Amino acid sequence: MRTRFILIETSHPGNVGAAARALKVMGFDEMVLVAPRYANVLRKEETIQRASGANDVLDKTRIVNTLDEALEGISHLCATAMTPRDFGPPTRSPRAHFEMLLGRSAPQTQRVAEHVKQPGPISSIGFLFGSERFGMKNEDVYKCHVALSIPTHPQFGSLNLAAALQLVAYEWRMALGGFPVASPVADANVADAAQVSGMLSHWEKALIEIGFLDPEAPKKLMPRLNQLFNRANLSPEEIHILRGVAKAMIETAQAKR
459 MRTRFILIET SHPGNVGAAA RALKVMGFDE MVLVAPRYAN VLRKEETIQR ASGANDVLDK
519 TRIVNTLDEA LEGISHLCAT AMTPRDFGPP TRSPRAHFEM LLGRSAPQTQ RVAEHVKQPG
579 PISSIGFLFG SERFGMKNED VYKCHVALSI PTHPQFGSLN LAAALQLVAY EWRMALGGFP
639 VASPVADANV ADAAQVSGML SHWEKALIEI GFLDPEAPKK LMPRLNQLFN RANLSPEEIH
699 ILRGVAKAMI ETAQAKR
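Heads up: the sequence shown runs through residues 459 to 715, numbered per this note's numbering.
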């Protein structure tokens, strides 16, 4: 779904750069600035530094003079506002609204949804963020279908612009399905049975040397160690390390005699 992030009257270049970075890591790239404080904000050094490599997002970013220009082509508008506005749109958390918007309401959201009008099908969505100094103006909030309020500490709820944008971008990305979390790649280089057996023989000698294993009454120590190391799927490098430990135990025990 087409997604646009709209920053209104931004005053700090660093926030523009940080916003570009926040969008890129969440897989979004459409940002529009409405009447920013600096006309050349996209070329300022602080902006580029804070973007941390998201230069392609900055390159695509448009600067317009009015909010109406920024809203062109967007069918569903979401304001971001910490406090509800009288006569304004409904206020919801990003997660609750996105679940409702995409028809995947959780049970606790469904009870609320029964009493509010469900949004119709949408083809594009815009997220509006107000000035760092003043937040969103009432007249801008009134243009929107919903006011998103990020749940924060009751006594300290003010978020930095880029931080708020990052949270909304994350919640929207997750609502759209998210990205797969990379799992550690299993080491295909697993030691063979002969290497494990040789290492266990080395360890058996070492355990006898330090008095931990009684060769006359070994019980089930070595079979249990064998099972433990088999479950570990040791690599040849790890076998080498364990042999080094066994060698050090033997040498230390013999030196004390």
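Every residue, glycine too, gets a C-beta built ideally from N, C-alpha and C. Given the structure is predicted, the values throughout are model-derived calculations rather than measurements.
- Query: beta strand (DSSP E) containing residue 560: first to last residue?
  - Reply: Neither: residue 560 is in no beta strand (DSSP E) and is coded neither H nor E.
- How long is the line joining the alpha carbons of residue 675 and residue 666, rounded to whole angstroms? 11 angstroms
- Message: Spatial neighbours of residue 700 within its chain, please: C-beta separation below 6 angstroms, excluding the five flanking residues on both sides.
- Response: If we look at residue 700 and ignore the five residues flanking it on each side, its Cβ neighbours are 657.
- Item | Within 8 angstroms, strictly: CB atoms of residue 633 and residue 560 | Closer than 8 angstroms, so yes.
- Query: When we look at the beta-carbon of residue 550 and count the other beta-carbons within 10 Å, is it buried (16 or more) or exposed?
  - Reply: buried
- Task: Since I believe residue 630 is in contact with residue 461 (beta carbons under 8 angstroms), could you give me their beta-carbon distance rounded to a whole number of angstroms?
- Result: 7 angstroms
- Task: With DSSP as the reference, please indicate the residues paired to residue 537 in a beta bridge.
- Result: In the DSSP output, where bridge partners are listed per residue, residue 537 has 586, 605.
- Item | Alpha carbon of residue 704 to alpha carbon of residue 652, nearest angstrom | 17 angstroms
- Query: What does a CB cutoff of less than 6 angstroms around residue 708 pick up in its chain, not counting 5 residues either side in sequence?
  - Reply: 664, 667
- Item | One or two residues paired with residue 593 in a DSSP bridge | 589
- Along the alpha helix (DSSP H) that carries residue 506, what are the first and last residues, could you check? 503–509
- Query: Out of 471, 466, 537, which has the shortest C-alpha to C-alpha gap to residue 493?
  - Reply: 466
- Task: If I'm right that residue 620 touches residue 476 with Cβ under 8 angstroms, what's the distance once you round it to whole angstroms?
- Result: 3 angstroms
- Would a check of beta-carbon distances place residue 524 closer than 8 angstroms to chain D? Absent from the structure: chain D. Only one protein chain is present.
- Query: Based on Cα-Cα distance, which residue from 527, 635, 482, 528 lies nearest to residue 557?
  - Reply: Among 527, 635, 482, 528, the Cα nearest to that of residue 557 belongs to 635.
- DSSP on residue 522, reduced to helix/strand/coil? Three-state result, residue 522: strand.
- Spatial distance of residue 608 from residue 498 (CA atoms): 30 angstroms
- Would you check if the stretch 540–549 and the stretch 501–520 touch, i.e. whether three or more CB-CB distances between them fall below 8 angstroms? no
- Task: Could you give the DSSP three-state label for residue 529: helix, strand or coil?
- Result: Per DSSP, reduced to three states, the secondary structure at residue 529 is coil, with no helix or strand assignment.
- Message: In this structure, how does DSSP classify residue 666 when only helix, strand and coil are distinguished?
- Response: In this structure, residue 666 counts as helix in the three-state DSSP scheme.
- Measuring CB to CB, does residue 606 end up less than 8 angstroms from residue 594? no
- Message: Helix, strand or coil, according to DSSP, for residue 466 in the structure here?
- Response: strand
- Message: For a test of the three-state rule: what should DSSP assign to residue 461, helix, strand or coil?
- Response: strand
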